[in-house]
Amino acid sequence: MCTVCGCSDGKASIEDAHGHHHDHGDGHEHGGHHHHDRGHGHDHGHYHHHGGAHDHAPDEAGLLDCGANPAGQKIAGMSSDRIIQVERDILDKNNRLAADNRARFAADGVLAFNLVSSPGAGKTSLLVRALSEKASFAIGVIEGDQQTSNDAERIRATGVPAIQVNTGKGCHLDAAMVGEAYDRLPWLNGGLLFIENVGNLVCPAAFDLGEACKIVVFSTTEGEDKPLKYPDMFAASSLMLINKIDLAPVLDFDLAKTIDYARRVNPKIEVLTVSARTGEGFATFFAWIRKRMAATTPAAMTAAE
Ligand code: MG
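Position one of the sequence shown corresponds to residue 1 (my numbering), numbered consecutively onward.
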């Protein structure tokens with residue numbers, strides 16, 4: 001279950017390094033056993049516990065609906081308190097696995113960014129443009145989408161390894177999926193990991209994946225007031241990349257207003273403008289990344305120079 005929107009998780013499917021898909025949970029080492037689709041074949045109401053240490057079996061049979069109680073969700077047979085407890089368990093579990101991921105990234109000297117945006121903002125195009133530049137350190141990509149391996153294939157076409165995670169009915173990547181996908185990437189010793197989250201300006205804000213920071217990609221076609229309408233994501237992000245800046249004149253896009261709105265939500269958010277189509281702004285974006293790398297992985301910087 002997503003603790004934000006209340007949708008039920010589908011079964012995630014994660015590629016191996018050869019682009020073949022496996023069901024999430026097959027043979028990975030994060031936190032023990034799994035309960036998949038416990039006793040239910042129908043579409044709503046089953047839970048997907050990633051290595052759950054808790055047993056909520058009698059409560060997992062519920063009907064899911066949104067917005068009916070303090071937890072924001074209504075599940076048949078469960079009290080509001082119980083739903084809140086389940087949400088807490090899910091988030092606690094995710095936070096523990098995110099801490100595991102963070103420790104592994106640190107041990108590998110890997111700087112990890114979690115790219116978030118609405119669908120169509122241009123996350124994959126940005127990555128493809130960025131990865132087409134030659135780097136002297138290792139780079140890997142984890143791609144999250146509900147379905148298809150299209151984005152991982154676009155990344156691999158640049159020569160950079162990518163693992164696709166299909167979240168099925170799920171609306172966000174979680175830390176368990178990222179841990180498993182990271183296992184399947186080559187060793188990124190001292191390098192960079194880009195995690196492209198599912199296109200969704202709401203739910204991914206609540207799920208820590210172990211990243212150094214979130215980068216929210218916002219495109220000029222989306223309307224200046226998105227930071228006010230979806231404040232959690234902008235509050236959770238360290239950098240706002242304003243993409244499709246080449247279209248700004250055609251759209252009468254108001255850059256100053258967008259930045260003002262974003263900073264009302266998050267006074268500390270950094271802002272860069274880019275165009276994945278023309279390459280405008282990428283030199284500045286790369287400088288921003290190098291600065292973050294220098295702060296976290298001095299070894300990689302030395303190797304890069
Ligand atoms: Mg994409």
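For each residue, glycine too, the CB sits at the ideal point set by N, CA and C.
What is the rounded straight-line gap between the Cα of residue i and the Cα of residue j?
i, j, result
"Leu188", "Phe113", "14 Å"
"Gly27", "Asp16", "Model confidence at Gly27 stands at a pLDDT of 39, short of 50, so the residue's coordinates are unreliable and nothing is read from them."
"Thr278", "Asp246", "7 Å"
"Ile163", "Leu185", "7 Å"
"Ala205", "Gln147", "20 Å"
"Gly6", "Phe105", "30 Å"
"Ile84", "Met293", "38 Å"
"Tyr182", "Ser238", "22 Å"
"Leu131", "Ile142", "13 Å"
"Ala295", "Phe137", "15 Å"
"Ile269", "Gly140", "25 Å"
"Ile195", "Pro119", "15 Å"
"Arg290", "Gly199", "26 Å"
"Gly208", "Lys244", "Checking the sequence, you will find Asp at residue 208 rather than Gly. The alpha-carbon atoms of Asp208 and Lys244 are separated by roughly 27 Å."
"Gly210", "Val178", "9 Å"
Helix, strand or coil, according to DSSP, for residue i in the structure here?
i, result
"Gln164", "strand"
"Phe207", "coil"
"Ile269", "coil"
"Ser13", "strand"
"Pro227", "helix"
"Thr124", "helix"
"Asn200", "coil"
"Arg154", "helix"
"Met1", "coil"
"Asp108", "coil"
"Gly67", "Here the model assigns Gly67 a pLDDT of 40, short of 50, so the residue's position is not dependable and the matter cannot be decided."
Applying the criterion that 16 or more other CB atoms from any shown protein chain within 10 Å of the CB defines a buried residue, is residue i buried or exposed?
i, result
"Ser275", "buried"
"Ser125", "buried"
"Val110", "buried"
"Leu127", "buried"
"His30", "For His30, the predicted model reports a pLDDT of 42, less than 50, meaning its position is unreliable; a value from the coordinates is still stated below. The residue is buried, with at least 16 neighbouring Cβ atoms inside 10 Å."
"His18", "exposed"
"His20", "exposed"
"Lys257", "exposed"
"Leu228", "exposed"
"Gly144", "buried"
"Phe286", "exposed"
"Glu334", "Residue 334 is absent from the model: the chain starts at 1 and stops at 305."
"Ala283", "exposed"
"Asp151", "buried"
"Glu133", "exposed"
"Glu153", "exposed"
"Ala157", "exposed"
"Ser149", "buried"
List the residues that DSSP assigns as beta-bridge partners of residue i.
i, result
"Val217", "Leu241"
"Asn114", "Ile195 and Lys214"
"Ile142", "Ile163 and Ile195"
"His21", "Glu15"
Item to check | Closer than 6 Å: residues whose CB approaches a heavy atom of the ligand MG | outcome: Qualifying residues come out as Lys123, Thr124, Asp151 and Glu196.
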